[in-house]
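**Student:** First residue of the sequence shown? That's 16 in the working numbering, and the numbers climb one at a time after it.
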Amino acid sequence: MAQEKVNLIREKANLFREKANIIREKDNIAQEKVNLLREVADIVREKDKIVRENDNAVYDNMVFEKDVVIHEKDIIIQEKDVMIHEKDSIIHEKDVMIHEKDAMIHEKDTFVYEKDVIIQEKDKEIQKV
């Protein structure tokens, strides 16, 4: 009975650790998305630079400048999303640390409980003799 309780507590702690890892992966994916958007904006800026070098492409230049502004707005939105995800991640990390502390407390309680069970079993053996 005591061992089952220990196993369940450890399983719960492992599930919380898995949850934290999933949240970290989600944050990494969001950061990768922002990095990709930055790369796209850099490419659009490079295109814009090339177009500006060509005096005959005034209209194209305006279109590319609009693209750059749109991509920069997307990047700002994505960065805000990443900051929100990072805040969520910090909150989840704190939750994970709390759960890990709880798990350690439960494991300590379980060890104490197991010691009590062993002591009780020894007491029963002594009483039988």
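Where is the CB? At the ideal position from N, CA and C, for every residue including glycine.
This structure is a prediction, so every number in the text was calculated from the model and none was measured.
What's the gap between the Cα of residue 68 and the Cα of residue 53?
**Tutor:** Taking the first residue of the sequence shown as position 1, residue 68 is located at position 53. Taking the first residue of the sequence shown as position 1, residue 53 is located at position 38. The C-alpha of residue 68 lies about 23 Å from the C-alpha of residue 53.
**Student:** Within 10 angstroms of the Cβ of residue 57, are there 16 or more other Cβ atoms? Answer buried if so, exposed if not.
**Tutor:** Residue numbering aside, residue 57 sits at position 42 when the sequence shown is read from its first letter. Counting Cβ neighbours within 10 Å, residue 57 comes out exposed, since fewer than 16 surround it.
**Student:** Assuming residue 82 contacts residue 59 under a Cβ cut-off of 8 Å, what Cβ separation, rounded to an integer in Å, is found between them?
**Tutor:** In the sequence shown, the residue the question calls residue 82 occupies position 67. In the sequence shown, the residue the question calls residue 59 occupies position 44. Rounded, the Cβ-Cβ distance is 5 Å, consistent with contact.
**Student:** Compute the distance between the beta-carbons of residue 27 and residue 107, then report whether it is under 9 Å.
**Tutor:** Counted from its first residue, the sequence shown places residue 27 at position 12. Counted from its first residue, the sequence shown places residue 107 at position 92. No, Cβ-Cβ distance for residue 27 and residue 107 is not below 9 Å.
**Student:** By how many angstroms is the C-alpha of residue 129 removed from the C-alpha of residue 18?
**Tutor:** One-based indexing of the sequence shown puts residue 18 at position 3. One-based indexing of the sequence shown puts residue 129 at position 114. Distance between the alpha carbons of residue 18 and residue 129: 8 Å.
**Student:** What does the alpha-carbon distance come out to for the pair residue 121 and residue 51?
**Tutor:** Indexing the sequence shown from 1 puts residue 121 at position 106. Indexing the sequence shown from 1 puts residue 51 at position 36. Looking at the two C-alpha atoms, the distance is approximately 44 Å.
**Student:** Sort 48, 34 and 36 by Cα distance to residue 94 and report the nearest one.
**Tutor:** Within the sequence shown, numbered from 1, the residue matching residue 94 stands at position 79. Looking at the Cα atoms, 48 is the closest of the given residues.
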